[in-house]
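Trainee: In our numbering, the protein residues as written are 22 to 103.
Ideal Cβ positions, reconstructed from N, Cα and C, are used throughout, including at glycine.
Small disclaimer: the values here were computed from a predicted structure and weren't measured.
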Amino acid sequence: MHSYRSIHQYIKISRRFIISLRKQYYRISIPDLLDENIQKVIYLDSDIIVTTDITNLWNINIDHYLLPGFPPKHNEAVIKKA
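(1) Measuring alpha carbon to alpha carbon, tell me which of Ile63, Asp53, Ile51, Ser67 ends up nearest Asp74.
(2) For Asn82, which residues from the same chain have a beta carbon less than 6 Å from its beta carbon, with the 5 sequence-adjacent residues on both sides left out?
(3) Could you give the first and the last residue of the continuous alpha helix (DSSP H) run that contains Thr76?
(4) Tell me whether Tyr86 sits in a helix, a strand or coil according to DSSP, three-state version.
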């Protein structure tokens, strides 16, 4: 599994940009904000409505991904398959 704590070495963001996009920056900082014993987190935007059990989502193997996720245009297809 990748070290999520090392993500900041790959991302160069100016402080001014971070302040203007604080919400987005916090998303990529989640690993730094949580206890290091936590191995996995599901982050959902506030406009996401969950209408079914998300166990299948939780069980997806993400070991080889630094920041696993789905681009917005693919979300509907993924949800329909679940």
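Mentor: In this structure, then:
(1) Position 53 of the sequence shown, counted from the first residue, corresponds to residue 74. Ranking the options by Cα distance to Asp74, first place goes to Ile63.
(2) For the purposes of this step, residue 82 is taken as residue 61 along the sequence shown, with counting starting at 1. Nothing listed; no residue qualifies.
(3) Reading the sequence shown from its first residue, position 55 is the one you call residue 76. Where Thr76 is concerned, the enclosing alpha helix (DSSP H) stretches over 76 to 79.
(4) For the purposes of this step, residue 86 is taken as residue 65 along the sequence shown, with counting starting at 1. Reduced to three states, the DSSP call for Tyr86 is coil.
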